[in-house]
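Undergrad:
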Amino acid sequence: MLKPLGDRVIIETVEKEEKTASGIVLPDSAKEKPQEGQVVAVGTGKVTDNGERIALEVSEGDRVIFSKYAGTEVKYDGKEYLILRQDDILAIIG
Amino acid sequence: MLKPLGDRVIIETVEKEEKTASGIVLPDSAKEKPQEGQVVAVGTGKVTDNGERIALEVSEGDRVIFSKYAGTEVKYDGKEYLILRQDDILAIIG
Amino acid sequence: MLKPLGDRVIIETVEKEEKTASGIVLPDSAKEKPQEGQVVAVGTGKVTDNGERIALEVSEGDRVIFSKYAGTEVKYDGKEYLILRQDDILAIIG
Amino acid sequence: MLKPLGDRVIIETVEKEEKTASGIVLPDSAKEKPQEGQVVAVGTGKVTDNGERIALEVSEGDRVIFSKYAGTEVKYDGKEYLILRQDDILAIIG
Amino acid sequence: MLKPLGDRVIIETVEKEEKTASGIVLPDSAKEKPQEGQVVAVGTGKVTDNGERIALEVSEGDRVIFSKYAGTEVKYDGKEYLILRQDDILAIIG
Amino acid sequence: MLKPLGDRVIIETVEKEEKTASGIVLPDSAKEKPQEGQVVAVGTGKVTDNGERIALEVSEGDRVIFSKYAGTEVKYDGKEYLILRQDDILAIIG
Amino acid sequence: MLKPLGDRVIIETVEKEEKTASGIVLPDSAKEKPQEGQVVAVGTGKVTDNGERIALEVSEGDRVIFSKYAGTEVKYDGKEYLILRQDDILAIIG
């Protein structure tokens, strides 16, 4: 399997159809849209300036929402994954 | 429910009609306009370089004012939310 | 009332007429002009990497000078305020 | 009087005539020119991440040289001042 | 042999044919593609502000995935290597 | 005399004729050229986040090499000086 | 001799002929090319925020590979040197 480094997380993305019902474009809406996925592996955590390693908040199996344009796509064993930093994960779907 | 990570907060925004009474444009006014909402979930806090986790100042239920263009829009369970960092919240309406 | 977060301060601005007597434009003067106001609420202070919360230097009632383009305009209870970080405040008028 | 915040300093600038005797422009001279002034008030100092407040090196009455384009011009009590951070002060004229 | 400094790692890259089966360009896919390689040498680690040296997570012999455009190509003893910082390594193939 | 602040140093520059013997321009040479001078005054040092003041490495009288475009030119008592941060000094000529 | 300051290192560069055998330009190769040299002097090390001085990893006499566009060229005693920060050194040739 893939073992992410530091504060990185590997995610299997979930395809969601984006249906823009009405299609009205609000000019002052510059907000980015998130994406959904499932955590399949987590790193050992980031090391602070004090030499402490801070464990990640997300765990294997968590379903998460993350910033759409974050991370790097990886193809491994015929499947597509996304490797991103925990900081790009917005929330856990609990 | 959605559980935000770190210093993130989930907000249910409150629609407010923006009535620009007179419509006078002041050329040296480059200030951004804020928006109002209600906190529905808070993260466990940011971890400092010393490994300490700092609890958030806002709590579930707080009505807050935040920077208009901050955060990421999330649709969950048929409702729209906004996930942003506590630092994008300007004030609590108390 | 509005309760600002962290190192933020709420200010009621004081309108001052900007009379440019002569109108001579000095080409090498790239300095920004400040604005005056009165502090109506202060946050609980910024939290450092050591987890310490540093109290603000300004207090409710202080008349202050701040950077003109700093902060976010907020309308609350029919009145207009400005929410900015203490670092955008230049001096207290004592 | 005006009381500057943090590591800020208030300066009464000294007008100096800039006589460019020969007017030869050296193309590889990208250095900025400084300006002279007198310190009329100093802040209480910057607070570090450890929560320590570091007293300023300059004191009221010091004549100083500072970066020409630094700071904010303030008019107070009919006089013009400049509020800048101590870091923009290059040297004390002793 | 080459001995990388600090948090740097030397990698022997693995050539992979990039077959874009269908060739459909998704306009909102701004994600970068990673590359594969084998670690041949690791540095002694980064030194923190506390003077502590933090050992690297990757070891000689590890097969890793890294950001495609990271690092510096080095030719040594007739072979081509890539020297990059551990932070540019995304995951270990375990 | 001029007393530089913090980690600043005052230098009396030494004019050197730049003779480009052959005049061959190497297109991949983007390196900046240094300049020589003598230290005439040093600051008391930079203050770290721990509140410690770190004494400078250079002393009055040192002949040094520094980045050509660094610092601010100052005219004082009929002489021209350069005020720069110690970090812009590359080496002491010993 | 020249005594570099802080985390700086003085290097005598080694000329290497760059023979691009085939001349095929790979469009997605944006990697920079390194250069070789010998360390002739090292600084006393960088001072951290804790006031600790961290000794350099490279020593006089080390043959090193460094980023091609890093540093400042210095001519001293008829010879050409390069002064760069240790962080621009990629690896020691051991």
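Protein chains in written order, with full-length UniProt numbering: chain A, 1 to 94; chain B, 1 to 94; chain C, 1 to 94; chain D, 1 to 94; chain E, 1 to 94; chain F, 1 to 94; chain G, 1 to 94.
Built from N, CA and C at the ideal position, the CB exists for glycine as well.
For residue 77 (chain B), count neighbouring C-beta atoms within 10 Å of its own C-beta (all shown protein chains included) and say buried if the count is 16 or more, exposed if not.
TA: exposed
Undergrad: For the beta strand (DSSP E) that residue 79 (chain E) lies in, which residues bound it at each end?
TA: 79–85
Undergrad: Nearest to residue 13 (chain G) by CA position, among G:3, G:57, G:72, is which residue?
TA: G:72
Undergrad: With the cut-off set at 9 Å, would you say residue 6 (chain D) and residue 68 (chain D) are in Cβ contact?
TA: It is not a contact, given that the beta carbons lie outside the stated cut-off.
Undergrad: Give a yes or no on whether the C-beta atoms belonging to residue 55 (chain E) and residue 91 (chain G) are separated by under 9 Å.
TA: When the beta-carbon positions are compared, residue 55 (chain E) and residue 91 (chain G) stay at least 9 Å from each other.
Undergrad: For the beta strand (DSSP E) that contains residue 72 (chain C), what are its first and last residues?
TA: 72–76
Undergrad: For residue 57 (chain C) and residue 64 (chain D), what's the separation of their Cα atoms in angstroms?
TA: 26 Å
Undergrad: Cβ of residue 89 (chain D) less than 9 Å from any chain C Cβ?
TA: no
Undergrad: Taking only beta-carbon atoms, is residue 49 (chain C) less than 9 Å away from chain D?
TA: yes
Undergrad: Starting from residue 41 (chain G) and walking both ways along the beta strand (DSSP E), at which residues does that stretch end?
TA: 34–42
Undergrad: What is the C-beta distance between residue 93 (chain G) and residue 2 (chain E), in whole angstroms, given that I count them as a contact (C-beta under 8 Å)?
TA: Between residue 2 (chain E) and residue 93 (chain G) the Cβ distance is about 6 Å, and since that is below 8 Å, they are a contact.
Undergrad: Let me confirm a value: residue 43 (chain C) is counted as buried when at least 16 other C-beta atoms fall within 10 Å, else exposed. Which label applies?
TA: buried
Undergrad: Is it right to say residue 4 (chain E) is buried, meaning 16 or more other beta carbons lie within 10 angstroms of its own, or is it exposed?
TA: buried
Undergrad: Identify the residues that DSSP records as bridge partners of residue 91 (chain E): which are they?
TA: A:4, E:65
Undergrad: Under a three-way DSSP split, which group does residue 12 (chain A) fall into?
TA: strand
Undergrad: What would DSSP say about residue 47 (chain E), mapped onto helix, strand or coil?
TA: strand
Undergrad: With C-beta atoms as the reference, is residue 48 (chain D) less than 9 Å away from residue 88 (chain F)?
TA: no
Undergrad: Given that residue 64 (chain G) touches chain F, what residues does it touch there, using C-beta distances under 9 Å?
TA: In chain order: nothing, as chain F lies at least about 17 Å away.
Undergrad: Rank E:60, E:82, E:61, E:38 by C-alpha distance to the C-alpha of residue 70 (chain E) and give the top, closest one.
TA: E:82
Undergrad: CA-CA distance, residue 38 (chain E) and residue 39 (chain G)?
TA: 29 Å
Undergrad: Chain F partners of residue 93 (chain D), CB-CB under 7 Å?
TA: 2
Undergrad: Could you check the C-alpha separation between residue 52 (chain F) and residue 60 (chain G) for me, to the nearest Å?
TA: 31 Å
Undergrad: Mind checking if residue 39 (chain C) is an interface residue toward chain B, Cβ cutoff 9 Å exclusive?
TA: no
Undergrad: Kindly say whether residue 54 (chain B), judged by its beta-carbon, lies nearer than 9 Å to any beta-carbon of chain C.
TA: Residue 54 (chain B) counts as touching chain C.
Undergrad: So which residues on chain A does residue 74 (chain B) lean against when the C-beta distance must stay under 9 Å?
TA: The contacting residues are 33, 34, 65, 90, 91.
Undergrad: Can residue 74 (chain A) and residue 34 (chain E) be called in contact, C-beta distance under 9 Å?
TA: yes
Undergrad: Work out the CA separation of residue 80 (chain G) and residue 66 (chain G) for me, nearest whole Å.
TA: 16 Å
Undergrad: Answer with yes or no whether the minimum CB distance from residue 61 (chain F) to chain D is below 9 Å.
TA: no
Undergrad: Whose Cβ in chain F lies nearer than 8 Å to the Cβ of residue 10 (chain G)?
TA: Residues of chain F passing the Cβ test: 91.
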